[in-house]
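Here's the structure, in structure tokens; my notes come after.
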Amino acid sequence: MKRFLTRRQALQEAAIGFGAMAANSMLQQERMFAAESAMAKERTYDLTPKAPHFAAKAKRVIFIYVGGGPSTIDMFDPKPALLKYDGKPAPFEIKGRALNGSQQIMSSPWKFTDCGESGRQVSDLLPYFQKVVDKVTFVRSMTTDRIDHSTAQFTFVTGRGFTGFPSIGSWVSYALGTENQNLPAYIALGQGATIGDRAHSSAWLPPIYNGTSMRADAKTPIFDIKRPENMSLDQQRRLLSMVEDLDREQKTRYPLDQDLESRIANYELAARMQVEALKVADLDQESEATRKLYGIDAKIGGPFGRLCLMARRLAEKDVRFVQIYAGGGGNWDTHNNIEGQLPGLCEYIDQGMSGLLVDLEQRGMLKDTLVVWSGEFGRLPTIEAKNSKPGRDHNPYGFSMWMAGAGLNPGFDYGQTDELGYSAARDFKCGHSDIHATVQHLLGIDYRKNTFPYEGRNESLVGVTPARVLTELFA
Amino acid sequence: MFVNRVWQWHFGEGIVRSVDDFGSQGAKPSHPELLDYLTVSFEEHNWDLKWLTKQIMMSQVYRQGSSEVPQYLAADPGDKLLWRKAPLRLEAETIRDSMLKVSGLLNERMFGQQEPIKRGPDGQWLEDNQGSGAIRRSLYLSQTRTRSVAFLHAFDCPDMTSDNQPERFRASLPIQSLAMMNNPLVMRASKGFTAEALEKSGNNYDEAVKVAFDLAYNRPPTPKEQEIAKKSIASESDPKEGLRLFIQAMFGANNFLYSY
């Protein structure tokens with residue numbers, strides 16, 4: 001048999017002095033990392049609550065994710081200059097993705113109203129939000145380096161512009177676990193992200209941190225949650241009891257097997273989840289007044305109202321991270337016919353999200369719940385008119401998002417865009433990584449320390465992107 | 476590296492744990508001479524995968540039992556030195572395919588077109604021939620990046636949206652429990668397996684239990700296990716249903732989900 005030269009031997013034999021010394025110390029470090037990595041894979045991961053790095057303001061997050069690029073300049077970032085230049089070419093170059101290269105400004109087809117004590121202007125497309133806008137904190141100088149939906153959505157939820165990285169809810173569950181062991185820690189409601197399930201995926205983090213999809217459907221809120229039609233509760237109890245008996249019998253042969261215990265525990269949890277999940281999805285348990293507040297019977301906004309009400313119920317049960325997708329009412333990506341589409345889209349989310357803020361506050365939950373509202377980018381002030389029904393193209397250079405609740409200063413606006421609502425003012429430019437750092441900070445997590453070994457480095461939600469906690473937003 | 480992968484398929488862990496990272500950035504091999512020997516021999520045998528598989532599976536180390544030896548377990552809990560064939564939770568496809576196989580539901584036809592999937596009543600993706608007909612191996616399910624079969628995903632099958640997962644998780648999750656309790660495929664398979672067991676035992680229920688253990692667990696039932704089965708059969712007005720419930724419990728137990 002021929003002698004096999006190992007790579008290690010080859011390296012050693014070829015190494016020359018100084019190179020070998022440097023290689024040696026690098027080898028040491030890398031071996032230490034490989035050992036850490038291997039240890040990380042062997043630890044068991046669970047959802048038991050874990051202490052944050054420092055005192056937290058928020059105990060839980062409700063993240064309303066508006067995939068498609070909502071037109072924030074038509075919703076709550078009005079620009080008087082648009083009226084001045086309406087129909088005329090922009091006074092400076094609008095680069096953007098502008099499919100047809102148009103430089104022609106289109107002012108907002110809708111009126112804005114001064115609202116509340118903060119005097120902020122909100123579009124008349126959002127009458128319910130107009131009444132609650134004082135409760136929120138705006139970030140008006142958001143930017144993103146991605147111009148298309150998939151890449152920008154991945155960026156916003158995972159911190160990277162491509163598939164394969166864990167989402168924000170997974171990182172939060174990983175860091176903090178959850179207080180309620182009868183429900184998943186990370187729950188996704190609704191639909192409408194271009195990237196689908198990947199927007200709540202744990203990717204290469206331990207699977208226990210994966211987002212669980214739930215529907216606002218009292219009958220089948222989670223996959224396989226419902227006992228089959230032809231199985232009685234008694235039969236199911238006997239089934240679980242037999243599984244446990246078989247496992248305990250197995251344990252007599254393998255007394256030190258850890259997996260057996262955890263599997264038995266998971267059956268017990270699944271049984272509890274069946275009850276808990278079905279209960280939490282049963283919106284009929286809410287008072288008439290509450291159901292009216294969210295408008296769950298409204299024609300357009302009802303479905304989203306249900307999602308928001310479900311989110312409050314989950315938050316009340318201390319689910320750590322609830323993600324609500326806002327795409328169920330149509331496509332926010334209004335390249336065409338913005339005048340025909342945006343009113344319905346706004347009506348879809350208006351009452352639900354506003355009712356959620358009011359309800360959380362009334363129940364004393366707003367002070368330790370963080371609500372986040374954002375799309376992956378905004379829309380341009382210029383017209384996109386392929387046919388007779390004009391719309392707006394993607395705007396990654398400047399857009400608005402808002403947050404409310406724990407630790408934030410309601411009524412405060414951070415940053416702004418230029419007079420046309422095109423790009424973020426230079427001194428206030430921020431992006432997804434700043435939001436990631438800020439959200440984690442409010443939860444008591446040091447975003448630089450919340451890491452997991454992956455491919456030879458300690459990865460985190462923010463990664464190597466420069467990030468800053470936006471302390472200006474805090475009360 | 477390929478040989479290490481094949482080892483991983485059979486033992487759950489490669490001789491080098493970091494299967495995609497050899498050299499200074501990866502983990503050290505637990506048995507470097509063994510890996511070298513297998514690699515060179517593999518090459519010498521013309522890269523014949525069947526030869527390599529046979530070498531591994533006929534080896535003493537592979538054919539070891541999985542019994543615990545407390546002092547060995549304390550010294551080497553991760554079984555890095557292969558003092559036994561550690562029980563491993565089976566991969567998603569293996570669980571699904573094994574369930575189908577023992578229930579007589581598996582269509583063993585190879586190659587050809589993929590099997591379509593569709594959304595079930597609760598919104599999850601599953602095979603598109605729920606009602607009738609044999610079902611093929613999980614390998615043939617037409618999954619895409621945005622459509623993954625929920626049952627497989629629950630058992631740590633990567634959903635094709637993450638990057639390549641050289642090492643799968645073998646997690647224990649409540650959604651797996653829910654699947655084994657309520658998933659329609661499990662219901663169907665338990666019905667099928669009940670029918671198979673009864674047929675093979677000439678409708679003798681005691682014998683049917685022995686057949687079930689033989690097919691699913693590769694061993695006879697203990698007296699305690701026979702007692703559990705008997706009780707279930709007697710607790711239903713239709714003994715067949717009592718046996719089906721017990722068989723569904725067998726699917727959900729560790730003995731089925733792990734290789735012992």
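Line by line, the protein sequences give chains L and R.
Using the numbering used here, read the first sequence as starting at 1 and increasing by one per residue.
Using the numbering used here, read the second sequence as starting at 476 and increasing by one per residue.
Glycine included, each C-beta is placed from N, C-alpha and C at the ideal position.
| field | Cβ shell of residue 276 of chain L (< 6 Å), same chain only, five flanking positions each side left out | value | 182, 183
| query | Is residue 346 of chain L helix, strand or coil by DSSP? | reply | helix
| field | Chain-ordered neighbours of residue 270 of chain L on chain R, where CB pairs are closer than 7 Å | value | 649, 652, 653, 656
| Are the region 378-396 of chain L and the region 332-349 of chain L in contact at 8 Å, needing three or more beta carbon pairs? | yes
| Continuous beta strand (DSSP E) assignments of at least 3 residues falling wholly in the region 90-173 of chain L | 112-115, 120-123, 136-142
| request: Please compile the residues from chain L whose C-beta is within a distance smaller than 7 Å of the C-beta of residue 697 of chain R. | output: 249
| Where residue 695 of chain R sits in the DSSP three-state scheme | coil
| message | Within the continuous alpha helix (DSSP H) that includes residue 290 of chain L, where are the two ends? | response | 288-294
| message | So residue 564 of chain R contacts chain L; which residues on that side make the cut at Cβ distance below 8 Å? | response | 259
| DSSP on residue 53 of chain L, reduced to helix/strand/coil? | coil
| Boundaries of the alpha helix (DSSP H) in which residue 433 of chain L is found, first to last residue | 432-442
| field | Backbone CA spacing between residue 165 of chain L and residue 83 of chain L [nearest angstrom] | value | 42 Å
| field | Minimum length 4: unbroken alpha helix (DSSP H) runs contained in the region 182-253 of chain L | value | 233-253
| Helix, strand or coil at residue 727 of chain R [DSSP, three-state] | helix
| task | Would you check if the distance between the CB atom of residue 406 of chain L and the CB atom of residue 369 of chain L is smaller than 8 Å? | result | yes
| task | With 8 Å as the limit, tell me which residues of the region 532-556 of chain R have their beta carbon closer than that to any beta carbon of chain L; keep them in chain order. | result | 541, 542, 543, 545, 548, 553
| Roughly how many angstroms separate the alpha carbons of residue 194 of chain L and residue 318 of chain L, rounded to a whole number? | 28 Å
| task | Please state if the CB of residue 242 of chain L and the CB of residue 316 of chain L are separated by a distance shorter than 8 Å. | result | no
| message | Quick check: residue 137 of chain L and residue 431 of chain L, are their CB atoms within less than 8 Å of each other? | response | no
| chain R contacts from the region 134-149 of chain L (Cβ-Cβ distance under 8 Å) | none
| Using 8 Å as the Cβ pair cut-off and three pairs as the minimum, do the region 539-555 of chain R and the region 617-636 of chain R touch? | no
| query | Of all Cβ atoms in chain L, is any one closer than 8 Å to the Cβ of residue 703 of chain R? | reply | yes
| request: Alpha carbon to alpha carbon, how far is residue 410 of chain L from residue 150 of chain L? Give it in angstroms, no decimals. | output: 32 Å
| task | Give the C-beta separation of residue 68 of chain L and residue 395 of chain L to the nearest angstrom, bearing in mind that I take them to be a contact with Cβ-Cβ under 8 Å. | result | So it is not a contact: roughly 13 Å between Cβ atoms.
| said: Our contact map puts residue 562 of chain R next to residue 257 of chain L with C-beta atoms below 8 Å; I'd like the distance itself, whole angstroms only. | reply: 7 Å
| query | Which residues does DSSP pair with residue 585 of chain R in a beta bridge? | reply | None; residue 585 of chain R has no bridge partner.
| Among the residues of its own chain, which have a CB less than 7 Å from the CB of residue 16 of chain L, if the five just before and after it don't count? | Low confidence applies here, because residue 16 of chain L scores a pLDDT of 45, under 50, leaving its location unreliable and the question unanswered by this model.
| request: Whole angstroms is fine: what's the gap from residue 505 of chain R's alpha carbon to residue 706 of chain R's? | output: 48 Å
| query | Is the beta carbon of residue 649 of chain R less than 8 Å from the beta carbon of residue 240 of chain L? | reply | no
| Per DSSP, what kind of secondary structure is residue 620 of chain R in: helix, strand or coil? | coil
| query | Which residues in chain L sit within 7 Å of residue 528 of chain R, going by Cβ to Cβ distance? | reply | What residue 528 of chain R touches in chain L: nothing, since even the nearest Cβ is about 21 Å away.
| query | What are the start and end residues of the beta strand (DSSP E) that includes residue 403 of chain L? | reply | 399-405
| How would you list, in chain order, the residues of chain R whose beta-carbon sits under 7 Å from the beta-carbon of residue 310 of chain L? | Ordered by position in chain R, no residue passes the 7 Å Cβ test against residue 310 of chain L, which lies about 15 Å from the chain.
| query | If you pair each beta-carbon of the region 519-534 of chain R with each one of the region 688-700 of chain R, do three or more pairs fall below 8 Å? | reply | no
| the region 424-442 of chain L touching the region 120-132 of chain L, judged by at least three CB pairs closer than 8 Å | no
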